[in-house]
Structure formats: C-alpha cells, structure tokens
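Notes follow once the structure below has been shown.
Protein chains in written order, with the numbering used here: chain A, 29 to 540; chain B, -13 to 387.
Here is the structure:
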C-alpha cells in the first residue's frame, strides 16, 4: 500500500493562448496537511479544479491517481463520490436557507422525492459537532458570521464522507480569532484521518499548520518539501518568485515633481461585512510625473483602497485626502473625475466598458460634457476626438463605429485608456492594466504610461505581476491585509523582497 | 476606370455596414410593409386612405406611451403602471374640465404636471430607495387604479367636444375644403409635408457640410441622393395617404413631435447616452462618473409625463373617462417597444423602432378586424407575433456573437 492517497501526474491544462498548468506533479500523503503555495496565477486553483472535476477528464492531460487507482472525473459529483471535497474562497451557501438545508443541498435524504428532515437534522447535528459549531441546524445562514459560514462549508464537506478536503484560501475573509479557530478545526480533522490540501497566501499560517509544502510557479511544480527547520521563509519565497527576469520593460528615468495626492490615516470598512476593516489606517503620497507601483497578493486591499478613494466602494470611511494641496471629500466617481482622479478598473468587461456600445461612445462616456453644447452632443467632435485616440494609442479596428465587444483584449483595454485620457486626469490609477492581453499590446501600454508620466500625470499602478511592478514603477508600495508593509525604491527592490512584504513580512519579523 | 470601381466597391461596403448596424429596425420595418401587403391582398378596404388614417389614429396613444417606456426598458427597468396612469390622468383631466370648470389648456397643463408628479413618486422609490421597478410600478398600478376609482366614483365622465379634438379630429384646411370622395388632397397636410421635407433636406445637407468641414468621409453623391430620396418618398407617402382622407389628425401631429423630441433626446443628448450606458453596463456607467440615481429619476418622470399625454389622447379619442380606462394597456405598450427592437435586458432600443412596433400591433389588429377574425384569434396572433419577434432577435444576436 502506497503512502500517497493522491497523486497527480504530468498534468497539463491549456486555455486559449496560455498554458495554465505545465507538467505539474503533485503527491499528497495520507492523513497530512499539505499546503499548496504560489503567487496569484501560479496555477493553484486551476490544479484543484482539475482534481475536483470542474474541468472534466479530457480537457486536460495527465493522470489522477487516488489510493493507487486511476480516476477520470467528468463532473464534481464524480470527484465527490471518490471522497474529494472542495471549499472555495467564495462561499457557496444559499443564504436564505438554514444550516441543515444547505448541508444536504443536492444530496437530500429522500424517498419518492419527499425529504426525511428528521434524519437530516440529526446528521447535521453530528457534523456540526465535528467542526465545533454549536448553532441549531435550523439557523439561517444570513444570521451567521463569515467565520461560522466557513465552518458550515466544512461540515457540508464532511457530511459527504470526504477523505481529501481542499481548502482554497479559507481564511482570506476571516479575522484573526476566526482564523485561529479554523486552523484548530483543520488540525482536528487531520486527527480524524482526513487529508487536507490547504491553499493560502498567508505564509505564517502555512508554516504553522502544514506537514508538507508544495510550491507552484507559472504553472510548474518547483519543489515539494517537509515543513521542518529547512523550510525557511526565504526558501518558500525564493521558490515562489525565483524566475529569471527575461521580459523587457521600457524603463525611463522619471523626474518626480510636486506631491499631487496625499492620503492620511485612511480607513475603510467592507460594505458586506461591516466589521471587517478592509483598509487599515493607510497613508501615502503620489507625485506628479512618477509611476507608483502597488504590489500585494489577491485580497490584500489594493483595489479596495483605490476604489474607495475614487468614491465607488466602502462604508465608514475615515481619513484625509488631499489633491493639489486642497482637502477633498470624494463621495462619488463623478466627484473624483472632476478633481482629476481617474480609475481604470481591473475587469474591463465587467466594469470598464459598455460592450454593446461602439468605440467612440465608450471613449467619450466619462467626458460627454466636453463635446456637448445646447444643441446636444456634437457627433463630429466625438468622431474627431476618438479618431485621435485611435491613432495615438494605435487601436486596431476597421472603424470607430465597431462595437467594443468585437475587439481583442488589448484593443479593448486601449479603449478604456482613451476614455480616461479624454477625462484629462491628474492622477490615473491603473488596476491590472495589462491583465489578459498579449505581449505586444502590453509593451504598447507601458509606452503609453511613460508618455503620460512625461506630461506630468501621476500614475498609480496596481499589478499582480511582479516583473511588471519592478519593471515599470519608480516607487513600490507593498500591501498586506489592508496595510502598507513596505515602501521600496525600484533600485532597491527585487522579487524576493516584495514577496516577503506581500506575505506579511513585518509580522513574521516581529514574532522571530 | 479603377477609381470608379473603387467608389462602387466603397458604396456597397457603406450600404452593407449600415444594413448590419440597423438590421433590427429594417427587419421590423420590412415586416410591417409585408403585413400591410398581405392585408391589402386579402381585403379591399385595408389599403384605403380612410382605413389607414383610422389605423394611425388608433395607434397614436400606444406609440406615444411606447416612446416613454423605451427609455425605461433601455435603462434596465420596467413600467407596469402605464395603463393605470392613463386611466387616472384621463379621469383627472375630465374632472378638471367637467366638474371644476377649468378651460382645456389649464386642465391639460395641470394633468401633465400630475403625470410628472407620478413619475417623481415612482422614480424616487426606484432610484433612491432601490426598490425594483417591477415592484414599484406594480404597486403604482394598484395605487393609481384605487385613486381612479376614488376620484371618478366609478362614473364615466364625458369630455367636451373641443377637448376631444385632440384624439379624434383632423387639422383644418386652409384654402379648399376637401372631401374624401373626390380624392382632392387636404391642403394643410400637403403644406406640412412640404415643410417637413424641406426641414429634413436642410438637416441632411447641413450634416453633410459639417462632416466635410471636419474632413470626414461622406457618402458618395449618388448614395446620398438615394438615401435622401428614399426617406422623402417614405415621408411623402404617409402624408399623401393622410391628405387623401381628412388630413393629419392632431394626435398624429403630437406623436410626430414627441417621436422627434425623443429621438433627439436618445441620440443627441448626454442624458440619452447615459441611459443607454446605464442599461448596457451599470457598473461601467457608475465608474464613468454617471449619476445613476438622478438619471433614473428623470427616466420615470418622463414616463409619467408621457403617461399623462397618452392618457389625454386616449380619453379624447374615446370621448369620456371611464373607471376601467387603460386597463392592460401597459402590456400593449411594452409589447410595441419590444417588437420594435428594445432589448428586455436593457442597453438597446430606439424610438423609431417602438413606433414601428406599435404600428405592427395595430395593423395586425385592424387587418384581422377587417377580415372578421374574432377577438380570440386576434389575441393569440398578437401573442405569437411578440414571441416570434423576441425569438428572432435573440437568435440573430447569438449568430452575430
């Protein structure tokens, strides 16, 4: 009998244009807690989706072996039958239903379609005990805090008699107490013989809980090692980011000018979880004519910070914001745009473009006032302005009357950029400006950024791609759990350093 | 030679592009013409000036109301209270005149103001209290029906013949009395036709000049003449048909004004553009600095005002305000907008399309009535046409994406 409960061999998974998993090997021992670690986009979630049958057999290459038996899953039900349970970062409970209904959703005890609620209730009580939850099974999910909801998810998985439990960033939304509690539960599950695969960005937790650690980077397995004295923070971080810097960036020497944006003691709470402070007493400055890079892992609060400054996110905001030495109160994106603060969102299809409108209508959407008179919108002015941006940004399209949904990702991004250029920003926040676009278009966007900086615009760039942050920024702020953990000059920064602070470096230093 | 071929090639491309971009409007328009041809073949009475003139008269209030609901649906909302608003505003205008003795003009103005107030009420709940429009307007439907019963006491109130002109009468002749029998055209109608055509020519030529000034591509002269010619033929045929009967009805004149105003509003103003952006992608609209709440409020105010105007036109056509007036009318209005290409998902739709949609519905009604088709079959056919129109739209959209 092999000591491995799960072996994934030579897994290759391709999406159009990218190879998300490139010959990954992943072995998990029976009864261990195995941490899977890597940067955003390293392929962790994709690997787990392959394992749980979200990507069915045939859409990937490679073998999945469970208890020495090769398995082919064509859907999630198949993997559940094989004893695999997965808990996603985004909770998937039906909020209007109670705990019991949620736990047995889709696998109700029923005879001729009639549900045996008594049996369901007593089973629910049993599994709730296992996860240390004392609430009654008929409590509605809406009345539970996020930590308890997470426990219900785990109870749901246990009720299906799982052998392997996958937890994808389970503590991302939890506060410290709930996180500690969850880690205890995971340990007790281990004692009951359940194998756990634990995905997390929080290296402190990984060090605390894991028996074995596997590192993924750019869709490849870097190494698997036991969590002992040799498994140092340095080793993990080097593995995570230790790629060669091969990509070239059009770096230019910028001469930063006056301070244009100053933020002091800025705090914001999550509108959906009003106790959760997403941005925690943050202060920073941005200057004219520089690129300020903001690095951090997913969920660190980078987008939330910029969206709150832009007036589009958050409740109970406090702190002081100054633009051009003038204190401002920004209540809506409209206010922000008027003050010269523009924000290019991270998801262009969801929140950047109106896909059924054409290029010119999208370009002018935020600045219609500039081309309107008492006679209405001057369509000729609109065409002229748009043609100009199409030329300057080299947008490839047969006509400016092309609907933007028919454009490629890179050209769509350029349309959003032209929308914000037309608004003539003093401060332009670019959230993941090159996500999902090809190398050529990326390089063009970097050049556009440099041109803007030369004109005196202050650019704040949020990016999850470390090479991009290091290659383009003049200054880098690193964010972790709603706080800045470091400010680095680009000359002093390297991937290891940034990743060290992004995973909460300061906290680790303090405990050592 | 070569350059000539090139120009020809260019012309075909332009026509193809314009067909592709406006395919939904063209299909509906062609469908309308098709339906008309079928009825003309089946019935001798259908294609007579008298019948077509009646048909336009019957369409006017639905088409006016459809203009308002296009904005509502494009923004991603719905208005179920239209019928109730029509009934209530009709009763109010009748009461103001018959019981309180107000003149027609102050009564009309007060009723429009009341319509705006209804829109303000509904818009406030949708925009600032974030109650879904479906609920707000469903509640509105009940509330306004209740108010209608309250103010009218369930009685039918007759309106004056002067007021009824709005819905029934035709504009007067200037020089020669015309009689439908001797096929003498109605002179004022011909004069208005001339003015409309001159106005249209003026706008087209100015647009062309301005584009030239900006150094943009313009349609080649032959295509330009063709396009302008086609539109003029279309305008002329509508006016000539009307002139061969008793001339333009006041309500159609009103519809032309409102249709023109709303086309301008949707195509040329910031407000219109914002409405389409909100319906197309609310999140992107918000992040582009659009004040969604304020825009939504105004969309409902517009719907309320048009509801009042539609209510008065309808009351004037019927000649009295009854407690049951307007019931179910919202469904005809919404169907007209949707048949005319307004997307139920929001973000797409045109005023011209909605007016064509209203014409399609009333043409079907009118034609089948002439053929002695019973109300049972008429309702079934109208339902199927609505289903078919939306299905064609959805499947053509799938193909294009």
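Even for Gly, the Cβ is constructed at its ideal location relative to N, Cα and C. Owing to the predicted nature of the structure, the values given are computational and were not obtained by experimental measurement.
Taking 8 Å as the threshold (C-beta atoms), are residue j and residue i in contact?
| i | j | result |
| --- | --- | --- |
| residue 379 of chain A | residue 263 of chain B | no |
| residue 82 of chain B | residue 70 of chain B | no |
| residue 340 of chain B | residue 322 of chain B | yes |
| residue 404 of chain A | residue 110 of chain B | no |
| residue 124 of chain A | residue 184 of chain A | no |
| residue 33 of chain A | residue 72 of chain A | no |
| residue 443 of chain A | residue 423 of chain A | yes |
| residue 369 of chain A | residue 453 of chain A | yes |
| residue 63 of chain A | residue 117 of chain A | no |
| residue 60 of chain B | residue 255 of chain B | no |
| residue 190 of chain A | residue 111 of chain A | yes |
| residue 285 of chain A | residue 307 of chain A | no |
| residue 47 of chain A | residue 247 of chain A | yes |
| residue 430 of chain A | residue 387 of chain A | yes |
In its own chain, which residues sit with a C-beta less than 6 Å from the C-beta of residue i, not counting the 5 before and 5 after it?
| i | result |
| --- | --- |
| residue 406 of chain A | 399 |
| residue 119 of chain B | 63, 64 and 112 |
| residue 195 of chain A | 115 and 226 |
| residue 297 of chain A | 305, 343 and 344 |
Could you give the DSSP three-state label for residue i: helix, strand or coil?
| i | result |
| --- | --- |
| residue 166 of chain B | helix |
| residue 363 of chain B | helix |
| residue 228 of chain B | helix |
| residue 121 of chain A | coil |
| residue 202 of chain A | coil |
| residue 494 of chain A | helix |
| residue 11 of chain B | helix |
| residue 106 of chain A | helix |
| residue 123 of chain B | helix |
| residue 249 of chain A | strand |
| residue 90 of chain A | strand |
| residue 262 of chain A | helix |
| residue 55 of chain A | strand |
| residue 40 of chain A | strand |
| residue 347 of chain A | strand |
| residue 369 of chain B | helix |
Ordered along the chain, which non-local residues of its own chain (more than five positions away) have a Cβ less than 7 Å from that of residue i?
| i | result |
| --- | --- |
| residue 68 of chain B | 51, 55, 293, 315, 316 and 319 |
| residue 41 of chain B | 348, 349 and 352 |
| residue 251 of chain A | 243 and 267 |
| residue 32 of chain B | 25, 26, 353 and 356 |
| residue 15 of chain A | Chain A is shown from 29 up to 540; residue 15 of chain A falls before or after that span and cannot be answered. |
| residue 248 of chain B | 53 and 337 |
Excluding the five sequence neighbours on either side, which residues of its own chain have a C-beta within less than 8 Å of the C-beta of residue i, listed in chain order?
| i | result |
| --- | --- |
| residue 365 of chain B | none |
| residue 36 of chain B | 166 and 231 |
| residue 278 of chain A | 471, 474, 475 and 478 |
| residue 120 of chain A | 181 |
| residue 388 of chain B | Residue 388 of chain B falls outside the range modelled here, since chain B spans only -13 to 387, and no answer is possible. |
Is there contact between the segment 47 to 60 of chain B and the segment 303 to 319 of chain B, where contact requires at least three CB pairs shorter than 8 Å? yes
Three or more C-beta pairs under 8 Å: does that hold for the segment 265 to 279 of chain B against the segment 322 to 334 of chain B? yes
So does the segment 252 to 262 of chain A actually touch the segment 296 to 304 of chain A, counting three or more Cβ pairs closer than 8 Å? no
Is the segment 53 to 68 of chain A close to the segment 33 to 44 of chain A, with three or more CB pairs under 8 Å? yes
Between the segment 494 to 508 of chain A and the segment 310 to 325 of chain A, can you find at least three pairs of beta-carbon atoms closer than 8 Å? Yes, the segment 310 to 325 of chain A is in contact with the segment 494 to 508 of chain A.
Cβ contact (3+ pairs, closer than 8 Å) linking the segment 88 to 103 of chain B and the segment 353 to 364 of chain B: Counting C-beta pairs closer than 8 Å gives fewer than three between the segment 88 to 103 of chain B and the segment 353 to 364 of chain B, which falls short of the contact rule.
Using a Cβ distance threshold of 8 Å, determine whether the segment 222 to 233 of chain B contacts the segment 335 to 353 of chain A, with at least three qualifying pairs required. no
Completely contained beta strand (DSSP E) runs for the segment 267 to 344 of chain A, where each covers 3 or more residues: With a minimum length of 3 residues, the continuous beta strand (DSSP E) runs that stay inside the segment 267 to 344 of chain A are 287 to 297, 305 to 315 and 319 to 324.
Give a yes or no on contact between the segment 263 to 271 of chain A and the segment 82 to 101 of chain A, applying the rule of three or more CB pairs nearer than 8 Å. no
In the segment 108 to 169 of chain A, which residue ranges form an unbroken beta strand (DSSP E) of at least 3 residues, counting only runs that do not cross its ends? 112 to 115
Contact between the segment 385 to 398 of chain A and the segment 295 to 310 of chain B: three or more CB pairs below 8 Å? no
Decide yes or no for the touch test of the segment 329 to 343 of chain A against the segment 359 to 368 of chain A: beta carbon pairs closer than 8 Å, at least 3 of them. yes
Using 8 Å as the cut-off, can you tell me whether the segment 323 to 330 of chain A makes contact with the segment 518 to 531 of chain A, which would need three or more C-beta pairs spanning the two stretches below that distance? Contact holds: three or more Cβ-Cβ distances are below 8 Å.
Where in the segment 368 to 438 of chain A do unbroken runs of the alpha helix (DSSP H), each at least 4 residues long, occur, reported from the N-terminal end onward? 387 to 392 and 407 to 420
List in chain order: all unbroken alpha helix (DSSP H) runs of 4+ residues lying wholly within the segment 213 to 298 of chain B. 236 to 254, 256 to 266 and 268 to 273
If you measure beta-carbon to beta-carbon, which residues of the segment 252 to 263 of chain B are closer than 9 Å to chain E? Among the protein chains of the structure shown, namely A and B, there is no chain E.
Is the segment 173 to 192 of chain B touching the segment 209 to 228 of chain B in the sense that three or more CB pairs, one from each, lie closer than 8 Å? yes
Can you check the segment 211 to 255 of chain A for any beta strand (DSSP E) of at least 3 residues that lies completely inside it and give the ranges in chain order? As far as the segment 211 to 255 of chain A is concerned, its whole beta strand (DSSP E) runs of at least 3 residues are 223 to 227, 240 to 245 and 248 to 254.
Return the chain-ordered ranges of every beta strand (DSSP E) run that is complete within the segment 60 to 85 of chain A and spans a minimum of 3 residues. Given a length threshold of 3 residues, each whole run of the beta strand (DSSP E) inside the segment 60 to 85 of chain A is given here in chain order: 61 to 65.
Whether or not the segment 74 to 82 of chain A and the segment 150 to 169 of chain A are in contact is what I'm after, with contact meaning three or more pairs of Cβ atoms, one per stretch, closer than 8 Å; do they touch? no
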